[in-house]
Amino acid sequence: RSEHAKAAPPSTTMTYEDVGGLRSQVQRIREMIELPLRHPQVFERLGIDAPKGILLHGPPGCGKTLIARIIAQESHANFFSVSGPEIVHKFYGESEAHLRKIFEEAARKGPSIIFMDEIDAIAPRRDKVVGDVEKRIVAQLLALMDGLTRRQNLIVIAATNLPNAIDPALRRPGRFDRELAIPIPDRVGRREILEIHSRGMPLNEDVALAQLAEITHGFVGADLEALCREAAMSTLRRLLPDIGVSLAEMPIDRLTGVTVDMEDFVTALREVEPSAIRELFVEV
Ligand code: ATP
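The UniProt record's numbering applies: residue 164 is where the sequence shown begins, and numbers increase by one.
This is the structure:
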């Protein structure tokens, strides 16, 4: 069986072990979400309300969605995912009704987490010039958040790359009143992320993940995942002429003993650009 089959565990089996770096963020989010969802009586006993909404912010590809999915699994909660742009465009004309439906279902099936990605798309600051549609959607979202009761056992996690671009009304008490920055990983975080995404690969012993972490400043989790994938693809390309078969008929047993080498990571580094740099070019 291919070593690669183990590389990416199916999303249903992900755990906190699949998050590189972000130790203190995961810790805080567990207190804010997992604890009240799993043990609502603890919060009741202490006389405090569980949070209704949490805002995760930070650059793309650093793990906001990843953390939200894992926290739902670990909290034994149902996970409802909504994307801001989708609500505005795909459900145009029915956006508010769609939101209401999601909240109703999530509340009925609690414990639940609703994950709203790119919330800035539905809730831009109302003092900015925005259409009536967005204004109505924000008003609906606020009403739904205000209507949540403790009994419903439902927490909304919103994510954005642009925390200052969202309507401040969303951040008032009882709404998205907890915030957590999910930053670009540092060297130690990069090393952990590289370990996570290469742990199913047959790595040659010359692969120095610490060294790779050192030279990948500015790479986010998604970039490092791409780097590992590209390294394995480089291995494959390196082998193809030897094996002398086409990709389509590649027999798995021919991969026995094959390793992904440091050389493959170096090749991959030439292919994978950190997102931060890509964005620079887009903005110029
Ligand atoms: P976006 O703003 O684009 O939605 P995001 O912050 O939600 O970005 P994710 O979708 O969570 O980013 O990250 C994309 C993928 O990159 C993840 O599925 C995961 O494989 C990998 N990844 C990102 N951050 C990490 C991390 N800290 N540890 C391990 N893998 C990570």
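Cβ atoms here follow ideal geometry from the backbone N, Cα and C, with glycine treated the same way.
Inter-residue Cα distance where the pair is residue i and residue j
i: F278; j: N367; result: 39 Å
i: E446; j: P223; result: Model confidence at E446 stands at a pLDDT of 43, short of 50, so the residue's coordinates are unreliable; what they give is reported in the following sentence. Answer to the nearest angstrom: the Cα atoms are 15 Å apart.
i: R314; j: S187; result: 28 Å
i: P348; j: R299; result: 37 Å
i: L258; j: E268; result: The residue asked about is misnamed: residue 258 is Ser in this sequence, not Leu. The straight-line gap from Cα to Cα measures roughly 16 Å.
i: residue 450; j: R208; result: In the structure as shown, the chain begins at 164 and stops at 447. Residue 450 is therefore absent and cannot be evaluated.
i: A171; j: H360; result: Reliability fails at A171, whose pLDDT of 42 lies under 50, so the model's placement of it is uncertain and the value that follows must be treated cautiously. Distance between the alpha carbons of A171 and H360 is about 7 Å.
i: F242; j: P346; result: 23 Å
i: I250; j: H261; result: 8 Å
i: L390; j: L402; result: 19 Å
i: S165; j: T419; result: Unreliable placement is indicated for S165, whose pLDDT of 36 sits below 50; no coordinate value is reported for it.
i: S238; j: G210; result: 21 Å
i: E342; j: L218; result: 5 Å
i: L432; j: G256; result: 45 Å
i: R288; j: E297; result: 10 Å
i: C225; j: V421; result: 31 Å
i: L198; j: M364; result: 35 Å
i: G337; j: V301; result: 15 Å
i: R417; j: S397; result: 16 Å
i: G381; j: V435; result: 12 Å
i: residue 155; j: R232; result: Residue numbering for the chain in the displayed model covers 164 to 447; residue 155 lies beyond these limits and cannot be assessed.
Beta-carbon spacing of residue i, residue j below 8 Å
i: A322; j: K227; result: yes
i: P437; j: V383; result: yes
i: R263; j: L333; result: no
i: L311; j: A286; result: no
i: L200; j: P248; result: no
i: L357; j: L375; result: yes
i: I282; j: I329; result: yes
i: S246; j: D280; result: yes
i: R350; j: E393; result: no
i: N316; j: P214; result: no
i: R353; j: L387; result: yes
i: A240; j: I276; result: yes
Limits of the unbroken beta strand (DSSP E) element including residue i
i: D181; result: Element bounds for D181: n/a, residue is neither H nor E.
i: S238; result: From DSSP, S238 is part of no beta strand (DSSP E); its letter is neither H nor E.
i: R341; result: 339–344
i: F382; result: It is not in any beta strand (DSSP E) - F382 carries neither H nor E in the DSSP assignment.
i: residue 448; result: Here the chain comprises residues numbered 164 to 447, so residue 448 is not present and cannot be evaluated.
Residue range of the alpha helix (DSSP H) that includes residue i
i: G308; result: With the sequence shown as reference, residue 308 is identified as Met, and Gly is not the correct amino acid for it. Residues 295–310.
i: G216; result: Taken as a continuous stretch (DSSP letters only), G216 belongs to no alpha helix (DSSP H), being part of the beta strand (DSSP E) at 216–220.
i: F428; result: 425–434
i: I265; result: 258–271
i: L209; result: 203–209
Whole-number beta carbon distance between residue j and residue i, since they are thought to touch under 8 Å
i: G216; j: V319; result: 5 Å
i: G184; j: E355; result: 6 Å
i: V423; j: A395; result: 5 Å
i: I230; j: V189; result: 7 Å
i: T221; j: A385; result: Reading off the sequence, residue 221 comes out as Gly, not Thr. So it is not a contact: roughly 12 Å between Cβ atoms.
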